[in-house]
Every structure is written in structure tokens, then in C-alpha cells.
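Protein chains in written order, with my numbering: chain X, 1 to 190; chain H, 1001 to 1190.
From the three backbone atoms N, C-alpha and C, an ideal C-beta is built for every residue, glycine too.
Protein chains: 2
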Amino acid sequence: MIRINQEFLDFINKCSTQSGFKDLIIEQQYKPKALIIKQESKVLDVFIVREGIAKCYLTEDTGKDFVQEFFGEGQIFGEVEMFNDEFSFCSIEALTPLSVLKISRENFIYLLSQNREFNWFILKLLASKIKYKGIRHSFNQSHSTETNLQRLESQFPGLHGVIPKKDIANYLGITERNLNRAIKTLKETS
Amino acid sequence: MIRINQEFLDFINKCSTQSGFKDLIIEQQYKPKALIIKQESKVLDVFIVREGIAKCYLTEDTGKDFVQEFFGEGQIFGEVEMFNDEFSFCSIEALTPLSVLKISRENFIYLLSQNREFNWFILKLLASKIKYKGIRHSFNQSHSTETNLQRLESQFPGLHGVIPKKDIANYLGITERNLNRAIKTLKETS
DNA sequence: CGCGTAATTGAAAAGTATCAACACTGGTGG
DNA sequence: CCACCAGTGTTGATACTTTTCAATTACGCG
């Protein structure tokens, strides 16, 4: 399954009903293929996935796309840009119909300073992303395409049908041609 | 040059002279090749580089090492393990004689909750690591070995003589053989 | 000098990208 | 109902890149 964070989503959902909190959180909907954050553009809000799947990817000067991560329920994005500079280093696109909760930069920083629990959640989320990215990059570089594909499928069973092959290839950092060969090889040897 | 964070180092140095703060921070020295954090082991402290260079790497089940990052002055490590679980997903090794400032888990969490400036520094540091890792992984996957090497050399001029070739190869995710060919190719075409 | 570690190189094998052709699918309009 | 289209997925042949492995050289240090 896609990476999710139910605990954080529950927390935010609970908050969005409390006075003094609900006004800071705005719900929003996106259709598939909608571009939510555009690379190199200003990011004014933080987003939390309520329902659906989003794709986080980076377009290189070579024209190639590289998928950083697929975001499921309770995953946050746009928060990295709140701390250092407001320009996004990646794009975010809805893969399925997507429901998000939006918090403005101003309110996000206010919450961080005023709500200890929120602050702790964000620290944990950031640390978790670092770990995820570190392990992923290392694994990718150190294993064969077949092994990388197997790992992805064990982490996200049922990604076929939801995520286009092009995106899977871009997540693994390989071409579609090579992805197809890997799939075939795995079928034959199983 | 190696990634550094002078602002944070200045802040920590200043703190370590203040009453109520200095007792929380311990200075420590390591010799080259000393293993400071061991993969899969418990991490009890957070470390901040005061002087020298450390290598952050991950050993895969294939026996291959992958270098995540080289830490310079003001860079922090061990902090990721403070938030989720205390077992390290990577190893940290001194490359040069290394001077670090150490903060125990207990005191780290205390500082996070009591010192707003410290809290904000950590948030920024974590966000910065995410961005660094994201951009790096994407660039690596999308460019040729030669281009990756050029990028590394432009970011860290003078890494030869300090960082062994094996580590450079492991940082780029390639073999030493291939690194040597890339170096030769770049020399010829320049 | 001799030892161990690090760096270098060539040749063969394995893996991956590129490119072009073709198949499948769902939706649209005649 | 069929023809057409665009987007997506599939495949083979070839060129290119990287790894593997083994042999050799260079360097620092007791």
C-alpha cells in the first residue's frame, strides 16, 4: 500500500472541528492530473492528503521526470518550502481524485509555535521523510531492477491499475522498456 | 566545499556557554575511521559537527555501501532516530579528525520543547535534508556518470585528498572502475 | 625494505537506453 | 455500428554504459 499516516490525519481531522483551529484549515478537491504544486513556483500553503493519491516528482533539465514519492492519506507536502525558501523543488500532481486539507504558510508557522502536539507531529513527519528517502536511494543504487521492482510491489501492492507505468518507471529511475523486461523476467522465474 | 551550517554552529556554540544550557552539551573527539553511529544500533545522542568531516553511509544486504552524505561544520546527525525509533538506519564514520558536540536524547527533546529558537533550527535542518536528498537522488538517476561527477566536484571542490575514491564511488552509486573512467573522460574532453 | 591499503587499467560479460514498430483501450462522431 | 483517434502499453534489435574480475602499480609507514 501507499505510504500513509493515519495518526496525523486523525489529529488534523479532530483539530479541524475545534474552535480556534478550524478556521486555519481549508478543505479542497482536485481532479486526477491536476497540478497542485509546480516546480520552481512559490508555495504558499501546506497540504495534507485526506483521500486519494498524489505524485511528487521532479523534472530535470534533461527533460526526464523522477518520481520522489507517492503520497497517501495523512501525508503532508509543501511543508519543506515553508522553512527555507518558498520555491518548490518539485511538482505535486493528483493521480486519483484528491481531497486535501490546506493550511496557509502563516497559519502553519503559527500552529508550529503555538501547538506543541502539532509541532511534534511535524518533526516526526520530517524525520520520517528523511529516513524514507535515505533508505530508498540506497536500496535503488545497490540492487537490480528486478529487486527494486519487487520491493516496490511488496510495499505498494496493487499499484497497477492506479499508477501509470510511466510513473512506476520514473519512480524506479528506469525506462518503460526496462520496466517491462523486469516484469516479464519476474513472471517467468516465479 | 562540504555542506556546512555555520549559523547553527554559531548558535550551538553560543548556547554551550550559557548557564542552563552548557550542561546539556558535551564536546567529544574522534579519530579518522572511528565509527560514531553503527547501523541498526540504538542511538542515544544527537551529534553536531564542530570541526572535520564525517561520512554517513548505509550498508545493504548485498554488502555494498552507499554514502548518503558527507557532514561538515554545523551539520547534525542522529536526530532522525530521536523522533521515530532509536535504531539507526545508517552508520556515521569520521573521515578526518572530528570534533563534535553531543546532546543526549533526553536533553534534545527538552531543548526542542523549551527553546523556540532551537526548535526552529531543527525544523529548518530537517527540511533542508529532505530537499538535499530529493534533489540529489533525482539528479543521480537522470544524468550520466560524468555529469554526476562534475556536479559533485563543483559542490565539493577539493574532495580529492580528503575523501577516498571508494567513498566517492559509493556516494555516486557506481563502481571504482567506472569512476576512474569518468575522471579520465572528463580530463580528455576539457 | 617489506607490508598493507588505495588506486589504476584491460577485457569480457551483463545490464540498460534508444528507437521504431505494433497492439490494446476507451471515447467520439459520422 | 463502425471508423477513427489519442493515450497507454508492449516488444525486438541495436548501440551504449556499467559491472565484474583479475592483474598491476603507487603510496605511506613501521
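Determine whether the Cβ of residue i lies closer than 9 Å to any Cβ atom of chain X.
i	result
GLY1173(H)	yes
SER1142(H)	yes
SER1138(H)	yes
GLY1072(H)	no
GLN954(H)	Coverage of chain H is limited to positions 1001 through 1190, which leaves residue 954(H) absent and any answer about it impossible.
PHE1047(H)	no
ARG1116(H)	yes
LEU1186(H)	no
ILE1135(H)	yes
ILE1012(H)	no
LEU1044(H)	no
ILE1036(H)	no
ILE1122(H)	yes
SER943(H)	The requested residue 943(H) does not occur in the structure, where chain H is confined to residues 1001 to 1190.
SER1128(H)	yes
What three-state label does DSSP hand residue i in the structure shown?
i	result
ALA1127(H)	helix
ALA182(X)	helix
GLU1007(H)	helix
CYS1015(H)	helix
ALA1034(H)	coil
GLN1150(H)	helix
GLU40(X)	coil
THR1059(H)	strand
PHE71(X)	strand
SER1104(H)	strand
LEU1098(H)	strand
SER1091(H)	strand
PHE1083(H)	helix
PHE77(X)	strand
ILE1109(H)	helix
ILE168(X)	helix
ILE1122(H)	helix
LYS1135(H)	In the sequence under discussion, the amino acid at residue 1135(H) is Ile, which differs from the Lys named in the question. Residue state, collapsed to three classes: helix.
Is any heavy atom in the ligand PLP found nearer than 8 Å to the beta carbon of residue i?
i	result
LEU1101(H)	Among the ligands in the structure shown, none appear at all, so the ligand PLP cannot be discussed.
Is any beta-carbon of chain H found at less than 9 Å from that of residue i?
i	result
LEU9(X)	no
ILE76(X)	no
THR145(X)	no
ASN148(X)	no
ASN119(X)	yes
VAL80(X)	yes
THR17(X)	no
ALA182(X)	no
SER33(X)	It should be noted that the sequence gives Lys, not Ser, for residue 33(X). LYS33(X) does not count as touching chain H.
SER104(X)	no
LYS131(X)	yes
Less than 9 Å between the beta carbons of residue i and residue j, yes or no?
i	j	result
LEU1035(H)	GLU1093(H)	yes
GLN1018(H)	LEU1101(H)	no
ILE1004(H)	GLY1072(H)	yes
ILE135(X)	LEU1058(H)	yes
PHE87(X)	VAL49(X)	no
ILE2(X)	PHE70(X)	yes
HIS1137(H)	GLU60(X)	no
GLY15(X)	ILE25(X)	Gly is not the amino acid found at residue 15(X); the sequence shown has Cys there. Yes, Cβ-Cβ distance for CYS15(X) and ILE25(X) is below 9 Å.
GLU1153(H)	LYS1166(H)	no
LEU125(X)	GLU79(X)	yes
LYS1031(H)	LEU1098(H)	yes
LEU95(X)	ILE53(X)	yes
ILE1122(H)	LEU123(X)	yes
GLN1068(H)	LYS1133(H)	yes
PHE1066(H)	ASN1170(H)	yes
ASP45(X)	PHE118(X)	no
LEU1159(H)	ILE1183(H)	no
GLN141(X)	LYS1022(H)	no
On the CB-based measure, 16 or more other CB atoms within 10 Å of its CB, does residue i come out buried or exposed?
i	result
LYS42(X)	exposed
GLN155(X)	exposed
GLU7(X)	exposed
ASP1010(H)	exposed
GLY1173(H)	buried
THR1145(H)	buried
SER128(X)	buried
LYS55(X)	buried
GLN114(X)	exposed
SER91(X)	buried
Legend entry - the stretch 1083-1095 of chain H: positions lying closer than 9 Å to chain X by Cβ: PHE1083, ASN1084, PHE1089, CYS1090
Inset, instruction - May I ask you to list, following chain order, the residues of the stretch 52-68 of chain X that have a beta carbon less than 8 Å from some beta carbon of chain H? - result: LEU58, GLU60, THR62, LYS64, PHE66, GLN68
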